[in-house]
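Right, one structure below, let's go through it.
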Amino acid sequence: EADIYQTPRYLVIGTGKKITLECSQTMGHDKMYWYQQDPGMELHLIHYSYGVNSTEKGDLSSESTVSRIRTEHFPLTLESARPSHTSQYLCASSATEKLQEKLFFGSGTQLSVL
Amino acid sequence: DQQVKQNSPSLSVQEGRISILNCDYTNSMFDYFLWYKKYPAEGPTFLISISSIKDKNEDGRFTVFLNKSAKHLSLHIVPSQPGDSAVYFCAATFQGGSEKLVFGKGTKLTVNP
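In order, the protein sequences belong to chains A and B. Anchor point for the first sequence: position 80 equals 80 in the numbering used here, and the numbering is continuous, going up by one each time. Anchor point for the second sequence: position 90 equals 1090 in the numbering used here, and the numbering is continuous, going up by one each time.
In structure tokens, the structure reads:
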């Protein structure tokens, strides 16, 4: 059973709209991440957070922004969506097991911008 | 510049046979390697990992082999089952941080009944 939840699962919107992709986890993990993935391509890290009030940009430049006001919640916002933002967005959190971190992913949001 | 390469976009095997998925990396600093499995419309799930101090790690039907000199790792699934049909991502990191995790493009495995 998933302990990290993303909503919506699918989103089709028009260009110029503001959107927020929701991500929540119930595992109490401090570290959370947003990845972007296109079909047949690598997962690219776009944002991450070490904990409350911490946000960092990942290795892939993104026009999206994130916030971390509560440990369990890590939403991603696009102020003005464009067709180039069409992609799958995956949220994750991590925990350290046996001295190594392990990522736990949500089911993803498939975003289509028309 | 891809640091983690999965050169086979797809692989098809018969049920009961062995599946071998390959991964090459270029960064010699990587010290921890993971495999994730992803079904359509779902997020990836962790499958198995290996530290650079080992050359093999086994978990049930899944075994990962690491050849540091060749900068190559492989995932063996024996015996393969139809439920194993998914996209498999190889990933690598150094110093343990998930924010440094680098993923390959994935290999789509199809196990035919």
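Don't be surprised by glycine CBs; every beta carbon is placed ideally from N, CA and C. Computed from a prediction, not measured in an experiment: that's the story for all the values here.
Just how far apart, CA to CA, sit residue i and residue j?
{"i": "B/Gln1095", "j": "B/Ser1085", "result": "31 Å"}
{"i": "B/Glu1099", "j": "B/Gly1016", "result": "37 Å"}
{"i": "A/Thr55", "j": "B/Leu1075", "result": "34 Å"}
{"i": "B/Phe1089", "j": "A/Met32", "result": "20 Å"}
{"i": "A/His85", "j": "A/Ser67", "result": "19 Å"}
{"i": "B/Pro1113", "j": "B/Val1102", "result": "33 Å"}
{"i": "A/Ser49", "j": "B/Gln1014", "result": "42 Å"}
{"i": "B/Ile1053", "j": "A/Ser87", "result": "37 Å"}
{"i": "A/His47", "j": "A/Gln37", "result": "13 Å"}
{"i": "A/Glu22", "j": "A/Phe105", "result": "13 Å"}
{"i": "A/Leu90", "j": "B/Gln1081", "result": "27 Å"}
{"i": "A/Pro168", "j": "B/Ala1041", "result": "Past the edges of chain A, shown from 1 to 114, lies residue 168 of chain A, and the structure says nothing about it."}
{"i": "B/Gln1006", "j": "A/Met41", "result": "10 Å"}
{"i": "A/Pro83", "j": "A/Gly28", "result": "35 Å"}
{"i": "B/Lys1105", "j": "A/Leu43", "result": "7 Å"}
{"i": "A/Ala81", "j": "A/Tyr5", "result": "22 Å"}
{"i": "A/Leu114", "j": "A/Lys17", "result": "10 Å"}
{"i": "B/Lys1038", "j": "B/Leu1021", "result": "14 Å"}
{"i": "B/Ile1077", "j": "B/Tyr1036", "result": "13 Å"}
{"i": "B/Gly1043", "j": "A/Ser93", "result": "12 Å"}
What are the partner residues of residue i, as DSSP defines its beta bridges?
{"i": "B/Val1004", "result": "B/Tyr1025"}
{"i": "B/Ala1041", "result": "Partner(s): none; B/Ala1041 has no beta bridge."}
{"i": "A/Glu101", "result": "A/Thr96"}
{"i": "A/Leu43", "result": "A/Gln37"}
What are the residues in the stretch 1029 to 1046 of chain B lying within 9 Å of chain A by C-beta distance? Taking a C-beta cut-off of 9 Å against chain A, the contacting residues of the stretch 1029 to 1046 of chain B are Tyr1032, Leu1034, Tyr1036, Lys1038, Ala1041, Glu1042, Gly1043, Pro1044, Thr1045, Phe1046, listed in chain order.
Cβ contact (3+ pairs, closer than 8 Å) linking the stretch 1060 to 1080 of chain B and the stretch 1007 to 1027 of chain B: Three or more pairs of CB atoms, one per stretch, sit closer than 8 Å, so the stretch 1060 to 1080 of chain B contacts the stretch 1007 to 1027 of chain B.
At least three beta-carbon pairs within less than 8 Å, the stretch 1002 to 1011 of chain B to the stretch 64 to 73 of chain A: Taking 8 Å as the limit for Cβ pairs, the verdict is that the stretch 64 to 73 of chain A does not touch the stretch 1002 to 1011 of chain B.
Three or more C-beta pairs below 8 Å linking the stretch 102 to 113 of chain A and the stretch 2 to 16 of chain A: These segments touch.
Check distances from the C-beta atoms of the stretch 1051 to 1068 of chain B to those of chain A and list, in chain order, the residues that come in under 7 Å. Taking 7 Å as the Cβ-Cβ cut-off against chain A, none of the residues of the stretch 1051 to 1068 of chain B qualify.
Residues of the stretch 26 to 37 of chain A in Cβ contact with chain B at a cutoff of 9 Å, in chain order, please. Of all residues in the stretch 26 to 37 of chain A, only Lys31, Tyr33, Tyr35, Gln37 come within less than 9 Å of chain B when Cβ atoms are compared, listed by chain position.
Closer than 8 Å between beta carbons: that is the criterion. Which residues of the stretch 48 to 59 of chain A meet it against chain B? Listed by position, the residues of the stretch 48 to 59 of chain A near chain B (Cβ gap below 8 Å) are Tyr48, Glu56, Gly58.
Interface positions of the stretch 82 to 98 of chain A facing chain B (Cβ-Cβ less than 7 Å), listed along the chain: The stretch 82 to 98 of chain A vs chain B, Cβ under 7 Å: Leu90, Ser94.
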